[in-house]
Amino acid sequence: MKTPLIASPARTQAIINRYRLPIKKSLGQNFLTDINILEHIVQAADLTEKDNVIEIGPGIGALTEFLAQSAHQVMAFEIDDQLIPVLDDTLALYDNVTIVNEDILKANLPQLIKDNFDADRPLKLVANLPYYITTPILLSVLQSSMHFDNITVMMQKEVADRLVAVPGTKAYGSLSIAVQYRSTPEVAFTVPRTAFIPQPNVDSAIITMTDRAAFDPAPFDESVFFKFVKGCFMHRRKSFWNNLLAIFGKDADVKAQLTDVLEKVHVSPQIRSEKLTIETFILLTNTLHDEGLL
Ligand code: SAM
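Given below as structure tokens:
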């Protein structure tokens with residue numbers, strides 16, 4: 003690894019001063035300044051010079067520089083217009099980086115990947131995510147047709163805990179299921195708030211996600227499955243039965259049908275949704291569908 007030019011508290015502060023950058027909290031701008039952590043991110047992503055990489059939110063380029071030094075090509079999406087000329091300067095030495103000045107939630111990522119990257123190379127996603135949109139970014143990536151060889155992303159520690167949570171724990175919910183349905187997430191390491199300028203109010207964690215085998219049986223319709231799971235966690239303090247009534251209504255015939263379904267799949271109405279595994283949610287979705295309720 004060549005000596006980095008961007009990350010370090012002194013260089014980050016100098017770049018902010020030189021360009022008179024207003025740090026935009028509303029865009030989740032917290033710039034990583036710790037070189038050891040950046041090296042660990044590259045290691046966690048298992049990056050090699052064969053890889054193409056998508057980065058979300060390059061900021062002033064601290065992580066982008068490490069990616070550019072380790073990978074074949076990097077495409078980085080930055081929404082903030084004011085950071086584009088800064089990135090042109092800070093990353094001027096790297097001819098394998100393309101900055102795309104777009105909102106990642108609106109960009110046509112599959113098309114841009116197809117147009118710019120050689121399909122034979124491994125494709126990885128590496129990012130220090132803007133925390134205010136961590137969930138929509140993860141869900142749109144995981145529920146798309148894109149295939150990443152691995153995903154290595156930094157997020158708020160509390161959200162990372164939800165991603166990896168197992169049934170029966172407080173942190174387990176619809177986000178755990180949405181992520182674990184498609185991937186195997188693991189916490190690679192945690193990052194203290196002191197590693198950033200400006201410091202966020204929370205600690206962070208790096209999560210790695212790798213593909214998992216598809217569930218068999220699969221839900222009859224994935225979007226119905228995800229919507230049903232979300233509904234089951236709307237009232238976390240209530241029983242599974244009460245969540246079902248909130249979704250399907252309290253009509254006597256519907257109640258009888260729901261009771262039948264629960265008997266068929268051997269799920270107690272008094273259980274809490276947080277105790278149910280992904281396999282049980284799939285079974286419930288498919289049985290409710292067979293009964294004409296979904
Ligand atoms: N990668 C840099 C680092 O590690 O120092 C900056 C990370 S900072 C946590 C998040 C970055 O995402 C900011 O640069 C912010 O402007 C950018 N961002 C926020 N919302 C975005 C969006 N919808 N699309 C693309 N970039 C976004």
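Mapping the sequence shown onto this note's numbering, position 157 (from 1) lands on 159, and the numbers just tick up by one.
For each residue, glycine too, the CB sits at the ideal point set by N, CA and C.
Just so it is clear, the structure is predicted and the values come from calculations on it, not from any experiment.
For residue i, name the three-state secondary structure that DSSP assigns.
i      : result
Phe235 : coil
Ala94  : coil
Pro87  : helix
Asp292 : helix
Glu80  : coil
Thr287 : helix
Thr261 : helix
Gln272 : coil
Looking only at its own chain, which residues have a Cβ that is under 7 Å from the Cβ of residue i, when we skip the five neighbours before and after it?
i      : result
Thr212 : Asn152, Ser185 and Thr186
Val226 : Thr287 and Leu296
Ala162 : Val189, Ala207 and Ile209
Phe250 : Val256, Leu260 and Leu295
Ala197 : Leu34, Thr35, Asp36 and Ile39
Ligand 3 and residue i: does any heavy atom of the ligand fall closer than 8 Å to the residue's C-beta?
i     : result
Phe79 : Here the bound small molecules are ligand 1; ligand 3 is not part of this structure.
Whole-angstrom Cβ separation of residue i and residue j, contact assumed at under 8 Å?
i      : j      : result
Ile234 : Asn244 : Sequence check: residue 234 is Cys here, not Ile. Wrong, their Cβ atoms sit about 10 Å apart, outside the cutoff.
Ile62  : Leu95  : No, Ile62 and Leu95 are not in contact; Cβ-Cβ is about 14 Å, not under 8 Å.
Glu158 : Thr137 : The question names Glu, yet the displayed sequence has Gln at residue 158. Contact doesn't hold; Cβ gap of about 10 Å is too wide.
Leu127 : Val155 : 7 Å
I'd like the list of long-range same chain contacts for residue i, defined as Cβ closer than 8 Å, with 5 residues on each side in sequence excluded.
i      : result
Tyr174 : Arg164, Ala167, Val168 and Glu276
Val107 : What sits at residue 107 in the sequence shown is Leu, not Val. Only Ile135, Pro138, Ile139 and Ser142 meet the Cβ criterion.
Residues in its own chain within less than 6 Å of residue i by CB, not counting five upstream and five downstream?
i     : result
Gln31 : Ile25
> Counting only runs that start and end within the segment 13-55, where is the alpha helix (DSSP H) found for 4 or more residues in a row?
Replying inline: Complete alpha helix (DSSP H) runs here, min 4: 37-46.
> Taking only runs of the beta strand (DSSP E) that begin and end inside the segment 103-146, which ones reach a length of at least 3 residues, in chain order?
Replying inline: Taking only runs of at least 3 residues, the beta strand (DSSP E) segments lying wholly in the segment 103-146 are 125-130.
> Counting only runs that start and end within the segment 159-217, where is the beta strand (DSSP E) found for 3 or more residues in a row?
Replying inline: Runs found: 185-193 and 206-213.
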